[in-house]
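Following numbering that gives the first Met the number 0, the numbering of the sequence shown begins with 0 at its first residue and continues without gaps. Even glycine gets a Cβ: it sits at the ideal position worked out from N, Cα and C. Below is one structure, written out as structure tokens; comments come after it.
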Amino acid sequence: MAKTCAVCGGKASIVTGRVEMQDGFVCRNCLEKSLWISDPNCRTSKDFHARFQYLEDSKKLFDTFNPTTNIPDFFQVDVNNRLFKIGKSSECFLFDELINYELIEDGESVVRGGLGRAVVGGLAFGGVGAIVGGVTGGKKSKSIITNMYIRGSLKNPWIKDFKINIIDTEIKKNGWIYKNLKEMTEKIISALEMIINQQEQPKPDNSQISITEEIRKFKQLLDEDIISKEDYETKKNQLLNL
Ligand SMILES: [Zn+2]
């Protein structure tokens, strides 16, 4: 017997395909519309409704997206709408959704940014390390790279992390292909860093401190005879809300 889809109320037929959730079935049609077949966060019909809503909002964002930084197929930024797009995805993200990013070259973290960022002095774009190696005549740096990508994490209800593949095959490090890819990677990294820098900073609650500081400033003005005792008292009472 055909079951009912807990999302749209239509038939959730075993013939056309359905998925069982905690509170019923989802039909093939809804699964396709949600672009989401098996996600651990999507277990109830309520989750599916949230997913539909998200996709709808996402589409609106996508329609307004107009890149100001454009590295086609890799990374795009729309600084006016504060949005960015990763890879060929048809989804864009808000600036405030970027938590962090990291550039990995042959398994090694080369550049990091965002929350949980480590100090990477000198490591950025292969300066210091390479020079030191040359001077001491130590381990020769590898002349071939097989793997380079940027990964990161997002504050998004459905997409928690991302990966931008740049190199996944052997490439000579002294060739023009590597040079071009490296330049492109630098552009992506600067764009990511720009996004981090433009995020809304949560304001620390230091209102108490600033009031004390304000009063201190007026006290100093009083001490230097720039304002009168009366002015000072008025200002102080105002600031303390007396
Ligand atoms: Zn349905």
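Give me the residue from the options with the minimum Cα distance to residue i.
{"i": "GLU55", "options": "GLN75, ASN28, GLU90", "result": "GLU90"}
{"i": "HIS48", "options": "PRO71, GLY8, THR145", "result": "GLY8"}
{"i": "ASN65", "options": "GLN219, ARG50, LYS84, ILE226", "result": "LYS84"}
{"i": "GLY79", "options": "THR68, LYS2, SER227, SER88", "result": "The sequence shown places Asn at residue 79, rather than the Gly named in the question. Among THR68, LYS2, SER227, SER88, the Cα nearest to that of ASN79 belongs to THR68."}
{"i": "PRO156", "options": "ARG50, ASN28, ILE13", "result": "ARG50"}
{"i": "GLY86", "options": "ARG150, ILE195, GLU104", "result": "ARG150"}
{"i": "ILE195", "options": "ILE13, VAL14, THR233, VAL76", "result": "VAL76"}
{"i": "LYS181", "options": "THR233, SER33, ILE70", "result": "ILE70"}
{"i": "LYS58", "options": "GLU169, LEU34, ALA190, PHE217", "result": "LEU34"}
{"i": "ASN28", "options": "ALA190, VAL14, ASN40", "result": "VAL14"}
Counting only the same chain and skipping the five closest in sequence on each side, list residues whose C-beta sits under 7 Å from that of residue i.
{"i": "ASP224", "result": "none"}
{"i": "MET20", "result": "ALA5, ARG42, THR43, SER44"}
{"i": "GLU192", "result": "GLY112"}
{"i": "THR63", "result": "ASN80"}
{"i": "PHE92", "result": "LEU82, PHE83, LEU153, ASN155"}
{"i": "TYR53", "result": "PRO156, TRP157"}
{"i": "ASP160", "result": "ARG150, GLY151, SER152, LEU153"}
{"i": "PHE124", "result": "The predicted position of PHE124 is uncertain, since its pLDDT is 39 and thus under 50; a value taken from the coordinates is nonetheless stated next. GLU185, listed in sequence order."}
{"i": "GLU199", "result": "ASP95"}
{"i": "ASP46", "result": "ASN40"}
Following the continuous alpha helix (DSSP H) through residue i, name the residue where it begins and the one where it ends.
{"i": "THR43", "result": "Here THR43 belongs to no alpha helix (DSSP H), and DSSP marks it neither H nor E."}
{"i": "THR184", "result": "175–196"}
{"i": "ASP230", "result": "228–238"}
{"i": "CYS4", "result": "No alpha helix (DSSP H) contains CYS4, which DSSP labels as neither H nor E."}
Compute the beta-carbon to beta-carbon distance between residue i and residue j, rounded to the nearest angstrom, for a pair I have assumed lies under 8 Å.
{"i": "LYS154", "j": "GLU96", "result": "5 Å"}
{"i": "VAL110", "j": "ILE163", "result": "Not confirmed; about 13 Å, so no contact."}
{"i": "MET183", "j": "PHE73", "result": "7 Å"}
{"i": "ASP105", "j": "ILE144", "result": "6 Å"}
{"i": "ASN179", "j": "ILE166", "result": "Actually they are not in contact, since the Cβ atoms of ASN179 and ILE166 sit about 11 Å apart, beyond 8 Å."}
{"i": "TYR148", "j": "ILE103", "result": "6 Å"}
{"i": "LEU60", "j": "LEU82", "result": "6 Å"}
{"i": "SER142", "j": "LYS172", "result": "5 Å"}
{"i": "LYS218", "j": "TYR231", "result": "7 Å"}
Determine the extent of the beta strand (DSSP E) in which residue i is found, giving its start and end residues.
{"i": "ARG150", "result": "147–153"}
{"i": "GLN75", "result": "74–77"}
{"i": "ASN28", "result": "No beta strand (DSSP E) contains ASN28, which is instead part of the alpha helix (DSSP H) from 27–33."}
{"i": "PHE83", "result": "82–85"}
{"i": "ILE225", "result": "ILE225 -> no beta strand (DSSP E), and no H or E assigned at all."}
{"i": "ASP160", "result": "160–166"}
{"i": "ILE98", "result": "97–104"}
{"i": "LEU93", "result": "91–93"}
{"i": "GLU19", "result": "17–20"}
{"i": "ILE70", "result": "68–70"}
{"i": "GLY112", "result": "107–113"}
Going by beta carbon distance, what residues of the same chain come within less than 6 Å of residue i, once the five residues before and after it are set aside?
{"i": "VAL118", "result": "Caution applies to VAL118, whose pLDDT of 40 falls short of 50 and renders its modelled position unreliable; the value that the coordinates give is listed next. Taken in chain order, the list of residues that qualify is empty."}
{"i": "LEU238", "result": "ILE210, GLU213, ILE214"}
{"i": "GLN197", "result": "PHE94"}
{"i": "LYS235", "result": "ILE214"}
{"i": "ILE265", "result": "Outside the displayed span of the chain (0 to 241) sits residue 265, for which this structure offers no information."}
{"i": "SER108", "result": "GLU101"}
{"i": "GLY16", "result": "ARG27"}
{"i": "THR233", "result": "none"}
By Cβ distance below 8 Å, which residues in the same chain neighbour residue i in space, the five residues on each side in sequence not counted?
{"i": "TRP175", "result": "none"}
{"i": "LYS228", "result": "LEU221"}
{"i": "ILE170", "result": "ILE143, ILE144, THR145, ILE176, TYR177, LEU180"}
{"i": "THR3", "result": "GLY9, LYS10, ALA11, GLY23, PHE24"}
{"i": "ASN240", "result": "none"}
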